[in-house]
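Novice: Sharing a structure with you now.
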């Protein structure tokens, strides 16, 4: 039995709220149950130094957690004077996943920065971030198109992400914090709309996982991602 | 005429939403019009080194802005590797103001940290932070009392804060960003429930201000603070 | 009775020594009693990046304390790897105050940096810094004029600063360390030669201050600033 | 055709040289073709603060690259003042993988730190590091046993790691730099001696990968890891 | 001809002013011509962690330069966020030289920190610092003795330091900045009262120096150090 | 008797292995007995900002130690977030010594960076670094010449370095760690092929050293450097 009494293949309620704040070119609050992440997309017409004059744009991401997004207070990284390894790992993952569906040459010499800031954490913040970042990215690209800054749509796919894991011996979908902290295996999966893999990151926490367990986890992930993609589409169409 | 078409002595709508997030001992979203700050209070039973064994507690604050809380993106301080001067100045101000109404000995050996994170900025983030931080602090102290960790109530006053300034030659109350960026004088006032001053920080941006202008500004501030205090009380009673 | 046996409205001896060191375009040792601050002004013909090509100059300030300027040794900020919040707050204040009397367009594309380094501290280092920085700034501008680098004088006013506070229930002028560390209210006031306010920063340390106390403090500040301005004038004329 | 003319399922020559340096409790130079990493294991009887008094030990890893391990010089992280995101990601991965085969309670209150320093890089430095780190860890544990500091052997498994990827449309084993920089998909796999997964990290660089491609990659990885494990065993027995 | 018109073996005027500031246990302004360094000695009864409980004390030094001690402004190290290599090199040298004449066990569990802050620079700041630091150290030890904190005098020697160099082909004593910046060889010598070497640091700037040049430089250094030691003695006796 | 049973004037075995790694323009493993340092030379056609457009090149050095090059583990500087004073001192010394034999104008607008990374330490790492760096520098300059990037050879001399010291009252050559940690005096000498001094750094650790001791140490150093220079020549000719 899962702590949340969900069925093994049952997602938490997924919700995307667009235009959550007023300044950004894209601003989406994504909720996976109690996990809430604000994803904002910023369009700038300046590029990092190493990309200048190469006739292409860039999509990057930064990740942060409000200090009390978590059960006990997490020290503020700005105060500590550096981002931790977990933060860097996550923001590199988000940026990489987004770039997998963007034609950087078609984007032209714009940089889009997606900031994913966790307002409230209950497991799965990195997969919620990726899923919400995609919606914010869509809005930013639509903004560029409305302002006639792009010749063609640089977006050539849809992505979403979900965590799966083995909890108490059973493969389960969309782990919350109560499960995540005790899971024997934890896997984050990013897929595109064709059900192909963009990223796959599995970690054995308690014991190594077998090939048949991997297969079960991937099947769960595919189901979850399909549901998230529907929610993304509905949000984008509303 | 103010850009927002408000009367010179008219506040923006002030709103306090308690329990905005689920983990913190106090969690308040404060809104002054489009300015939105999440204030969370964390209670910990460990103290900074220099306070250990002195038979008293501590109240401190940290301040941050989400990168796209502002019209153009502000670089993340965690990425830059340090907090800027403005951030430090503001968080020192918030902490000092809160400590003015707390009996640190009555608090016992607890530390309460108030995190003020700006979700959306439209001027007045520091005064909104102080006003919201007070409500979060009340909730954290109530939490301590409910958990029977305090012998007596360490809170001996109420505080709120507002900005006033001279815009286009006219003293005005509660400056939004459009006014703040052009104001000739900008003043932040923190008062207690008796109308006494806790902090007074006035800066001549364009031209020096005269004594009679100061008097007009202080009168406006007093009016605004009285209104905020009513809103704080209503929120705390609800 | 004040620890120094001064009358409530009595300043410490104020002294400005110009050309205290030999390299800077302005170099002033300012003394408020035992508080001694070396203020040097550096003229450079390069500007911070965000100001380039805007047809104006810049005036900024940095503040530091020698480790043993204080009663017990203060850790060196260069060793700790960052400037503390108090330092940043003070140097921002000094820069802002100086810019209030400089026409940055008339300055042309020069940057003047005022370094205020506390050689010996006995309370009031920030107000002594501002008062001394003004004299160093005058010398730097005279240097620019002598070298025919300016078309018109960019200085359009005089500033000085003083601290006032409530000590043992009595409003007093120019707090030394013995008073400052016990004052119930501490206020720093920066004024121009017309008696108008440039900056006003009041903090209730022990108890909130009433409007009539504020009035008394402002009157004391005005008296003190008039005396400092005379000393500045005498120093500049000598 | 692979640039190195290897068959798709052909590893580079793998070599483990024990006792490569003289001071460490374990010191192994691992070579995967031209990729050379020095893995040293340090045993200390002090633990990180958060682990003290919990009756268990810790295994952790740090990763670095000599500046000219690479084709063009990489700036020294000590000079830049921080470790980059890639470094943190890799060292977290190495540490996690090693802990998967160590019973931390059986280790007692010792910390073993594995430093993986890349002397020469030609692709696959993280998987070479993990494979070499395992051998260094074995030597460190043997050292502890010889010195009668352990009651039982804390090591309960063997690990090795390999990279696989899709190069020019073909799944290939053990990518060198020429392949890695052009691969469409890149996957790092850590397995134990039972062929179970410890870590799985796949990234689509060029295009998303399908399920059948994943299956082919995992089969290659399993073959490669079996070969590395034989080389580890031979080195440990020599 | 030297720029200052001094004879090759002629020192600048050397002056030690004790009790230059009021808080430190030793406070000495040392002047070598236009080079002015404030050396303060701080006595604390706490030790660095690695020395605790070893029954001995510690003597250490820190070095800094006011930003405008130099002809053009030097960026403040506190602002840059770290001490430069030159600063570290100098402060390590000062500390090492002082420890050469202190019996650390006789000092007991006290730490004496000597801060050498350059108020005005004209070459030779490191040798002036060492020479002044010695006098400040004497005063700090006298302070400890007067306060009956020491059983025996931990000071067992006198040190002083001077720079020598080859300028325009001629060995000269006590280089000022005009000489230092053009010298072909620059050597700093620290000696004790018996004329023995504590430190010797010679650097060929323009061309390598021969053994006979070294001999000439050492003879000059010995002469200069004898003169500085006399000035130290006179200052300490006054 | 020396711990290593060497005669007082006996060097350890000195060995230079060129082309130790494959990417760098110069790559030399230098061994002084058990001390092993990898020196790589990188040629780049970009210069530090302050040198641009001055028609000359630059030679600089960086120094590092692998964490377990030493008997007990030394914390990684990249993890600590800064290079220590010892590291900075050494890398400044290496760079200065190399520049003494390079005509920077003849080098043209190239920068050569020599990285000296200690693989295994047993005393004398800085002198081994300098001696190995010279060989790597030669190879880098040969590389530039082969690639027809230089009009004339910018190298106008040969350098090598050795440590000497007083151990147990006896002047000895080439101290290993067992001697170095107990030596009363420690001196590092850099000479050119004419037996002239490039750098001389002597430190009295236990007691001050007399002039006759200095003479004995310099004689030993000259002998050692002659031997190292022969080994350098042989390596370069092979």
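Protein chains in written order, with the UniProt record's numbering: chain D, 1 to 238; chain V, 1 to 238; chain A, 1 to 238; chain F, 1 to 238; chain Z, 1 to 238; chain Y, 1 to 238. Don't be surprised by glycine CBs; every beta carbon is placed ideally from N, CA and C. Quick caveat, the model's predicted, so the values are computed rather than measured.
Determine whether the Cβ of residue 203 of chain V lies closer than 8 angstroms to any Cβ atom of chain A.
Specialist: yes
Novice: Assign residue 13 of chain Z to one of two classes, buried (16 or more other C-beta atoms within 10 Å of its C-beta) or exposed (fewer than that).
Specialist: exposed
Novice: Would you give the residue range spanned by the beta strand (DSSP E) that residue 36 of chain A belongs to?
Specialist: Under the DSSP assignment, residue 36 of chain A falls in the beta strand (DSSP E) whose first and last residues are 35 to 44.
Novice: So, at 7 angstroms on beta carbons, what are the nonlocal neighbours of residue 174 of chain A in its own chain, with the 5 sequence-adjacent residues on each side left out?
Specialist: 11, 12, 32, 124, 162, 163, 224
Novice: Quick one: what's residue 58 of chain D bridged to in DSSP?
Specialist: D:111
Novice: Short of 6 angstroms in beta carbon distance, which residues of its chain neighbour residue 179 of chain Z, apart from the five on each side in sequence? Order them along the chain.
Specialist: Apart from sequence neighbours up to five positions away, the residues of its chain that approach residue 179 of chain Z with a beta-carbon distance below 6 angstroms are 167, ordered along the chain.
Novice: Could you give the distance in angstroms between the alpha-carbon of residue 2 of chain Z and the alpha-carbon of residue 105 of chain Y?
Specialist: 28 angstroms
Novice: Could you check what DSSP says for residue 5 of chain D in three-state terms: helix, strand or coil?
Specialist: coil
Novice: Looking at the structure shown, is residue 177 of chain Y part of a helix, part of a strand, or coil, going by DSSP?
Specialist: helix
Novice: Step through the CB atoms of chain V and report whether any lies within less than 8 angstroms of the CB of residue 216 of chain A.
Specialist: no
Novice: Alpha carbon to alpha carbon, how far is residue 23 of chain Y from residue 28 of chain V? Give it in angstroms, no decimals.
Specialist: 58 angstroms
Novice: Quick check: the region 130 to 146 of chain D against the region 79 to 88 of chain D, are at least 3 beta-carbon pairs closer than 8 angstroms?
Specialist: no
Novice: Residue ranges of each beta strand (DSSP E) run of no fewer than 3 residues wholly in the region 130 to 183 of chain V, ordered along the chain?
Specialist: 159 to 167, 170 to 173
Novice: Where does residue 192 of chain V land, buried or exposed, given buried means 16+ other C-beta within 10 angstroms?
Specialist: buried
Novice: Going by beta-carbon coordinates alone, are residue 188 of chain Y and residue 126 of chain Y separated by less than 8 angstroms?
Specialist: yes
Novice: Quick one: list the residues of chain A neighbouring residue 22 of chain Z, beta-carbon separation under 9 angstroms, in chain order.
Specialist: Listed along chain A, the residues sitting closer than 9 angstroms to residue 22 of chain Z by beta-carbon distance are 34, 120, 122.
Novice: Do residue 42 of chain A and residue 21 of chain A have their C-beta atoms within less than 8 angstroms of each other?
Specialist: no
Novice: Using only the alpha-carbon positions, how far apart do residue 226 of chain D and residue 88 of chain F sit?
Specialist: Taken atom to atom, the span from the alpha-carbon of residue 226 of chain D to that of residue 88 of chain F is near 32 angstroms.
Novice: Using Cβ-Cβ distances below 7 angstroms, what residues of the region 75 to 98 of chain Z are close to chain Y?
Specialist: 82, 85, 88, 89, 92, 96
Novice: Does the beta-carbon of residue 67 of chain F have 16 or more other beta-carbons within 10 angstroms, so that it is buried, or is it exposed?
Specialist: buried
Novice: Please list, in chain order, all residues of the same chain as residue 170 of chain V whose beta carbon is under 6 angstroms from its beta carbon, the five residues on each side excluded.
Specialist: 8
Novice: Does residue 179 of chain D get closer than 8 angstroms to chain V when you measure Cβ to Cβ?
Specialist: Residue 179 of chain D is outside the set of residues whose beta carbon lies under 8 angstroms from a beta carbon in chain V.
Novice: What residues match up with residue 63 of chain F in a beta bridge as DSSP calls it?
Specialist: F:116
Novice: Can you name the residues that DSSP bridges to residue 237 of chain A?
Specialist: None, per the DSSP bridge assignment.
Novice: Using the rule of at least 16 other Cβ atoms within 10 Å of the residue's Cβ for burial, across every protein chain shown, is residue 58 of chain V buried or exposed?
Specialist: By the 10 Å Cβ count, residue 58 of chain V comes out buried.
Novice: At the 8 angstroms Cβ level, is residue 183 of chain F part of the contact set with chain D, yes or no?
Specialist: The beta carbon of residue 183 of chain F sits no closer than 8 angstroms to any beta carbon of chain D.
Novice: Quickly, what does DSSP pair residue 203 of chain Y with across the bridge? List them, please.
Specialist: Z:199, Y:186
Novice: Does DSSP classify residue 15 of chain F as helix, strand or coil?
Specialist: strand
Novice: Are the CB atoms of residue 160 of chain A and residue 232 of chain A within a distance shorter than 8 angstroms?
Specialist: yes
Novice: Only counting the same chain, and skipping five residues up and downstream in sequence, which positions put a Cβ closer than 8 angstroms to that of residue 119 of chain A?
Specialist: 29, 36, 37, 38, 66, 69
Novice: Quick test of your reading: residue 62 of chain A and residue 113 of chain A, contact by CB under 8 angstroms. State the CB separation rounded to the nearest angstrom.
Specialist: About 7 angstroms separates the two Cβ atoms, so the contact holds.
Novice: Kindly say whether residue 126 of chain V, judged by its beta-carbon, lies nearer than 8 angstroms to any beta-carbon of chain A.
Specialist: no
Novice: Do you know how far the Cα of residue 154 of chain F is from the Cα of residue 212 of chain D?
Specialist: 28 angstroms
Novice: Which residue comes first and which comes last in the alpha helix (DSSP H) that contains residue 98 of chain V?
Specialist: 85 to 99
Novice: Considering just the uninterrupted stretch of the beta strand (DSSP E) at residue 31 of chain Z, what are its terminal residues?
Specialist: 26 to 32
Novice: Assign residue 234 of chain Z to one of two classes, buried (16 or more other C-beta atoms within 10 Å of its C-beta) or exposed (fewer than that).
Specialist: Sixteen is the threshold: since fewer than 16 other Cβ atoms of the shown chains lie within 10 Å of the Cβ of residue 234 of chain Z, the residue is exposed.
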